[in-house]
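S.K.: Using our numbering, you'd call the opening residue of the sequence shown number 48 and step up by one each time.
Every residue, glycine too, gets a C-beta built ideally from N, C-alpha and C.
This one's a predicted model, so the numbers in the text were calculated from it and none came from an experiment.
Structure in structure tokens, see below.
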Amino acid sequence: MLTIGPINDLPGVRHAFFSREGGVSQGIYASLNCGPGSNDDPAAVRENRRRAMAQLELPGDALATLHQIHSADVVEVTEAWETGQGPRADGMVTKRTGVALGVLAADCAPVLLADAQAGVVGACHAGWKGAVGGVLEATVAAMQRLGAKADDIVASIGPCIAQRSYEVGADFSAPFLEQDADNAKFFIPSARTADKLHFDLKGYAARRLKLAAVGNVQVLPCDTCGEPQRFFSYRRATKAGEPDYGRLLSVIHLED
């Protein structure tokens, strides 16, 4: 379980970025796979989610996760729902205590946000499509509608794929450069082949948050693709020809 100091220091807010360790799943899902959308044993997924919540001193049914679709859609959460029954969206916010906002990822960036003064937290799933589409700004805006102030928000970008592991085709950069020519700095040439680039998802997401006037943006220095003992990775599983992959859980909530 990973945390960052600036959110730990906020009164009334708890969070965690969970690794793949400490669960009951087997095989390619070993061991803390928290994704009901995977083909893992549903009973194992439920137990993994319960174990994760126990580390935050919450019951398993306090956890709300979405049916993530790589969108910029954000929902307000007033109570948790049954596992696998979440709305189709990629961001969520709440003012309710005891409701744990959970993001599932396996290379995409999980982003946790909190304004302790306003008593508002948010979480979003930022793959490249969602990030380009505005999910980060949409989550900040949804928090503001609940009373948060952007410059009081602390945001953390959790474990995701690092630039060294994120090789893409040359045309991948087009929507980023059309959006803003300055986004060229998030791409570097591949040393392996002339027609490939490496994309900095973390850096791009951090810039989007800073442009949204978020007061404190933190980035965890992890590489989900390059650290197989610690993290699940869609890209690594695909390269290995595996039929599926586990999902990492990241959580934030307001304490009672």
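Does the distance from the C-beta atom of Ser118 to that of Val182 stay below 8 Å?
M.R.: Yes. Within cutoff.
S.K.: In or out: Arg135 buried (at least 16 other Cβ within 10 Å) or exposed?
M.R.: exposed
S.K.: Along the chain, where does the alpha helix (DSSP H) that runs through Glu225 open and close?
M.R.: 221-226
S.K.: Compute the Euclidean distance between the alpha carbons of Glu94 and Gly177, then round it to the nearest angstrom.
M.R.: 29 Å
S.K.: Taking the C-alpha atoms as reference points, what is the distance between Ala90 and Gly74?
M.R.: Their Cα atoms are separated by approximately 15 Å.
S.K.: Would you kindly report the start and end of the unbroken beta strand (DSSP E) that includes Gln61?
M.R.: One detail in the question is off: residue 61 reads as Arg in this sequence, not Gln. Element bounds for Arg61: 60-64.
S.K.: At 3 residues or longer, what runs of the beta strand (DSSP E) sit wholly inside the stretch 239-301?
M.R.: 243-246, 263-266, 295-301
S.K.: Restricting to Cα atoms, I'd like to know which of Ala99, Asp120, Phe279, His114 is closest to Cys207.
M.R.: Phe279
S.K.: Using 8 Å as the threshold, is the C-beta distance between Met139 and Ala161 below it?
M.R.: no
S.K.: With distances taken Cα to Cα, identify the nearest neighbour of Gln226 among Gln191, Gln210, Val179.
M.R.: The shortest Cα separation from Gln226 among Gln191, Gln210, Val179 belongs to Val179.
S.K.: Could you work out which residue in Asp108, Pro58, Arg61, Gln191 is closest to Val121 when comparing CA atoms only?
M.R.: Gln191
S.K.: Check whether the Cβ atoms of Thr130 and Arg96 sit closer than 8 Å, and answer yes or no.
M.R.: yes
S.K.: Alpha helix (DSSP H) containing Val179: first to last residue?
M.R.: Counting along the chain, Val179 sits inside the alpha helix (DSSP H) bounded by residues 175-180.
S.K.: Nearest-angstrom Cα distance between Phe219 and Ala188?
M.R.: 28 Å
S.K.: For Gly52, does the three-state DSSP call read helix, strand or coil?
M.R.: helix
S.K.: Can you list, in chain order, the stretches of the beta strand (DSSP E) that have 3 or more residues and sit fully within the stretch 139-170?
M.R.: 147-152, 156-162
S.K.: Within this structure, are the beta carbons of Glu289 and Lys243 separated by less than 8 Å?
M.R.: no
S.K.: Checking the sheet assignment: what are the DSSP bridge partners for Pro236?
M.R.: Leu244
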